[in-house]
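In the order they appear, the protein sequences are chains L and X.
In terms of UniProt numbering, the first sequence is residues 1 to 469.
In terms of UniProt numbering, the second sequence is residues 1 to 469.
Ideal Cβ placement from N, Cα and C applies to all residues, glycine included.
Read the structure below first, then the notes.
Number of protein chains: 2
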Amino acid sequence: MTAPVPADVISRLKAVLGDGGWSQDSDRVGPKLVEWRGRWTGQTPLLALPRTTAEVAAVVGLCAESGTAITPQGGNTGLVSGQIPQGEILLSTERLNAIRDIDGFDDVIVAEAGVTLAGVHEAAAKIDRRFPLGLASEGSATVGGVISTNAGGTQVLRYGSTRNLVLGVEAVLPNGEIWNGLKRLRKDNTGYDLKQLLIGAEGTLGVITAASLKLFPVLASRATAFVGLTSPREAIRLLARAKAETGGAVEAFELMGRLGVAFALKNIPGLREPLEAVHPWYALIETQSGEPGAAEAAMERLLAHALDDGLILDAAIAQTEAQAKAFWAVRENQSGGQKPEGAAWKHDVSVPVSRVADFIEQASAAVLKIDPSLRIVAFGHVGDGNIHYDVLRADGGSDQAHNEARDAGSRIVHDIVAAMDGSISAEHGLGAAKTGDALRYKSPVEVEALRAIRAALDPKRIMNPRVLF
Amino acid sequence: MTAPVPADVISRLKAVLGDGGWSQDSDRVGPKLVEWRGRWTGQTPLLALPRTTAEVAAVVGLCAESGTAITPQGGNTGLVSGQIPQGEILLSTERLNAIRDIDGFDDVIVAEAGVTLAGVHEAAAKIDRRFPLGLASEGSATVGGVISTNAGGTQVLRYGSTRNLVLGVEAVLPNGEIWNGLKRLRKDNTGYDLKQLLIGAEGTLGVITAASLKLFPVLASRATAFVGLTSPREAIRLLARAKAETGGAVEAFELMGRLGVAFALKNIPGLREPLEAVHPWYALIETQSGEPGAAEAAMERLLAHALDDGLILDAAIAQTEAQAKAFWAVRENQSGGQKPEGAAWKHDVSVPVSRVADFIEQASAAVLKIDPSLRIVAFGHVGDGNIHYDVLRADGGSDQAHNEARDAGSRIVHDIVAAMDGSISAEHGLGAAKTGDALRYKSPVEVEALRAIRAALDPKRIMNPRVLF
Chain L
1 MTAPVPADVI
11 SRLKAVLGDG
21 GWSQDSDRVG
31 PKLVEWRGRW
41 TGQTPLLALP
51 RTTAEVAAVV
61 GLCAESGTAI
71 TPQGGNTGLV
81 SGQIPQGEIL
91 LSTERLNAIR
101 DIDGFDDVIV
111 AEAGVTLAGV
121 HEAAAKIDRR
131 FPLGLASEGS
141 ATVGGVISTN
151 AGGTQVLRYG
161 STRNLVLGVE
171 AVLPNGEIWN
181 GLKRLRKDNT
191 GYDLKQLLIG
201 AEGTLGVITA
211 ASLKLFPVLA
221 SRATAFVGLT
231 SPREAIRLLA
241 RAKAETGGAV
251 EAFELMGRLG
261 VAFALKNIPG
271 LREPLEAVHP
281 WYALIETQSG
291 EPGAAEAAME
301 RLLAHALDDG
311 LILDAAIAQT
321 EAQAKAFWAV
331 RENQSGGQKP
341 EGAAWKHDVS
351 VPVSRVADFI
361 EQASAAVLKI
371 DPSLRIVAFG
381 HVGDGNIHYD
391 VLRADGGSDQ
401 AHNEARDAGS
411 RIVHDIVAAM
421 DGSISAEHGL
431 GAAKTGDALR
441 YKSPVEVEAL
451 RAIRAALDPK
461 RIMNPRVLF
Chain X
1 MTAPVPADVI
11 SRLKAVLGDG
21 GWSQDSDRVG
31 PKLVEWRGRW
41 TGQTPLLALP
51 RTTAEVAAVV
61 GLCAESGTAI
71 TPQGGNTGLV
81 SGQIPQGEIL
91 LSTERLNAIR
101 DIDGFDDVIV
111 AEAGVTLAGV
121 HEAAAKIDRR
131 FPLGLASEGS
141 ATVGGVISTN
151 AGGTQVLRYG
161 STRNLVLGVE
171 AVLPNGEIWN
181 GLKRLRKDNT
191 GYDLKQLLIG
201 AEGTLGVITA
211 ASLKLFPVLA
221 SRATAFVGLT
231 SPREAIRLLA
241 RAKAETGGAV
251 EAFELMGRLG
261 VAFALKNIPG
271 LREPLEAVHP
281 WYALIETQSG
291 EPGAAEAAME
301 RLLAHALDDG
311 LILDAAIAQT
321 EAQAKAFWAV
331 RENQSGGQKP
341 EGAAWKHDVS
351 VPVSRVADFI
361 EQASAAVLKI
371 DPSLRIVAFG
381 HVGDGNIHYD
391 VLRADGGSDQ
401 AHNEARDAGS
411 RIVHDIVAAM
421 DGSISAEHGL
431 GAAKTGDALR
441 YKSPVEVEAL
451 RAIRAALDPK
461 RIMNPRVLF
């Protein structure tokens, strides 16, 4: 818990922000203090609602001077408690919501931190362009948030994480100064790339106030397929083949186990069994190409070849946009579908792509050794080696007991990840929730360097102080 | 000039490196002290030739303890004097030359710092993969060097700069500790991404000793075209159309003015006029696709449409590999071809793609106002907004006088770049040569932050001390 903020600092912040620029009203502030799944709740002496970069700078400057801690918050969709204040000033970017520019010539959009990802998609579509970052939470997740957490999603295989989509950043640094790094250059080699440090810094090195983001052409052809498989081992073989055979046309390659599919079908209204027969594992594959017909041709060739070789058990290529959406709905409800089934230990891990099958096998063996009735829902972006590995309590078991066993269980899973040179947070970040875990697995040499950088830029440690290391 | 290194430090370094691990022989050391164009020469009390990461750590550790400065050097192909020591210990990575691993499943190669770019290409080709970083100097340029300078090249449009091709880095930090960041993960969100800071740091934050690099599939179809144009304005319109119409299949889009083409044809044996008629400007365009025939189809469609609309004057699509190579030879000799023509002010700038034509127009007007007989050779990666803008002395003029006028002339060019929110070093870096220029154009807020980061990681400023700010 952060130390109480002196009353005079609160008064000065209110004065700087002006009417409508702050709130202490629990109806207004309350929703921002609860993590959306209800796993964490927080508190704050003041919700700051700056409307301009200059107002953000005034707030941060005042906090820097007085040593007052700040938690920045975007759309409040984070999964690791990085955005929930515990006594800090809560700085919401919701009123920084202008799209400052969009340009189909430079293929760039300049959006303020509080613009939602859906807002960016919509603006891009209007000029026949695309911003290829797709998240289930895109209606709420904001530009500032996805950059601060280097968000992933389903199109990383082709376009990379958020880091690869950012051309420039405007931010207020921890000393309250505005850094205008809002360039729209494709190349700029003039010293350390400061924006790379801010991307994924989870608000600890400043407040991102705006960004210039890369746009891409809308591709002419697309094919979406649902495939039945024996095991993750065949899935990664199919992936390797897909990458080589389609020459970079694979946009998404998502893995799902039967249990997660079954939970989605059972608990989410309107979903349909994607293939005629039931299979132990599934992959959802999407190809896109700039050449009309090429994505479909590549997909058909790939799947025919894989069926001939016995690498896959069955496959269906979506014939309509509605069918493609239905396939994606099964994938997107892997998380929502398991929710009614009770408490879960959730893991967002990555390993080298070649080790995905080994990881799932080893982790599952270790988890079932704890209790053979635990239920494993493994799914995710296998194309990036990123598996969401969720362990649900036994059918009819106790949520509380399962939650109490979480830390020990997760340790076992994370140890297996670490032994494969993997990451215990592939795309969600560390927040306040995974700090201890990160310290266990990161080398002291690296942690020391990262702490030195943080101290150099934020000597009073006012920016999101409980987050990261 | 760096302070003399005490004799006892030299002795201890020799002891640490052992026989064959160092040199003071001028025949051995000499070539590493001269920039390859002969523009800068340096000196060093000792050439360190470590063979292992542990030996690099021992050298850096000893230097850190004694406050001795180090200049790291890869293939000595840098263009901004970042690799030429002026009294520092010269640490060459040439004996760190192992390819530690290559894996077509994970699409990764793990190479030590001293492996050449050509060596990486060769190893990748053996497993039917591709490392899409192409430089004229690839026979000498090394993995450590291209990462330390975030090298660009001709395939950035599609694959990004070196930064986008690096999965992990092993480095010796300025305190002499080894950081093993050699992961091969596609996603890892566990705090600041330290490797992003080392990429492009020009050796000031440590010595990169090895890296894991992304490999890509070899694409099934490719088309290379040479196009005649009226002006850079049509070139960027064609580029925008190419990106939208071919849906990301454009791999290279290079611009050349007639003068540079004429110099290449005149001064480089074996080159041939690329199109029947002479045109004021040219573009070299390459498309690639994973779908057989798609690259050719996309190119034909694009050029037919552009000819119909009068956007281009003429075009030829290479019918053979030899013809494609001949087109590329014209482009690759834009620099070599102008060399016999005398002294030049060279600029490696970038602007937003939409401003490329404005930049060339404004810069040329300003340069010709200085002296209407100056000769302008403008070429480069227009797809990235990166123009190599070279100003040659008047035909028959004095090299010395032109060299003496360089700083004032370059200031005029760089001021125009800065007014367009561009970069004065798009892909070559700052080295020791452009430090002052960078300070003129970067915001003090940013420079202060970058200096704080450097001081935090290298408090004694031993790593390449004259480089960057």
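Item	Value
Chain-ordered residues of the region 224 to 252 of chain L with a beta carbon less than 7 angstroms from chain X	A240, K243, A244, T246, G247, G248, A249
Close-in-space but distant-in-sequence residues of the same chain around I268(X) (CB under 8 angstroms, 5 per side omitted)	A329, N333, G336, G337
Inter-residue spacing [alpha-carbon to alpha-carbon] between L215(L) and G409(X)	35 angstroms
Alpha-carbon spacing of N403(L) relative to V34(L), whole angstroms	19 angstroms
Residues of its chain near N175(X), where Cβ-Cβ distance is below 6 angstroms and the 5 sequence neighbours each way are ignored	A64
Length-filtered (4 minimum) alpha helix (DSSP H) runs lying within the region 302 to 374 of chain X	321 to 332, 356 to 370
Any C-beta of chain L under 8 angstroms from that of E446(X)	yes
Residues that DSSP places opposite F379(X) in a beta bridge	M256(X), H388(X)
Whole-Å CB distance - V166(L) paired with I147(L), under 8 angstroms assumed	6 angstroms
Range of the contiguous beta strand (DSSP E) that encloses Y192(X)	Y192(X) -> no beta strand (DSSP E), and no H or E assigned at all.
Residue burial classification, I84(L) (beta-carbon count within 10 angstroms, cutoff 16)	buried
Bridge-paired residues (DSSP) for V169(L)	G181(L), A211(L)
Residues near A98(X) in its chain [Cβ-Cβ closer than 8 angstroms; skip 5 each side]	A111, E112, V115
Any chain L beta carbon closer than 8 angstroms to G144(X)	no
Three-state class that DSSP yields for I453(L) in the structure shown	helix
Sub-8 angstroms separation of P50(X) and L96(X) beta-carbons	yes
Straight-line Cα distance separating A7(X) from G144(L)	53 angstroms
G293(L) to A252(L) span [Cα, whole Å]	18 angstroms
Which listed residue (G82(L), T2(L), S161(L), L62(L)) has its alpha carbon closest to that of E427(L)	S161(L)
CA-to-CA distance, T224(L) to L307(L), given in whole angstroms	16 angstroms
6 angstroms Cβ shell around Q362(L) - same chain, five flanking residues per side excluded	I416
Three-state class that DSSP yields for I84(L) in the structure shown	coil
Residues that E286(L) bridges to, as DSSP identifies them	T224(L), A252(L)
Listed by chain order, chain X residues near D106(L) by CB distance under 7 angstroms	P352, V353, S354
Cα-Cα separation, A322(L) to L259(X)	55 angstroms
For E446(X), three-class secondary structure by DSSP	helix
Candidates N189(X), A318(X), N150(X), of which the one nearest S221(X) by Cα	A318(X)
Where R272(L) falls, given that 16 or more other Cβ within 10 Å makes a residue buried	exposed
T230(X) versus L313(X): straight-line alpha-carbon distance, rounded	7 angstroms
Neighbour flag for E88(L) against chain X, beta carbons, 8 angstroms	no
DSSP bridge partner residues for F469(X) (one or two, in chain order)	Looking at the DSSP assignment, F469(X) forms no beta bridge with any residue, so it has no partner.
Own chain residues within Cβ distance below 6 angstroms of I360(X), not counting five before or after	P232, A378
Cβ contact (3+ pairs, closer than 8 angstroms) linking the region 435 to 448 of chain L and the region 36 to 50 of chain X	no
Range covered by the beta strand (DSSP E) that runs through V218(X)	Per DSSP, V218(X) belongs to no beta strand (DSSP E) and is neither H nor E.
Under the three-state DSSP convention, the category A294(L) falls into	helix
Nearest candidate by alpha-carbon position, reference R331(L), set P444(L), L255(L), R130(L)	L255(L)
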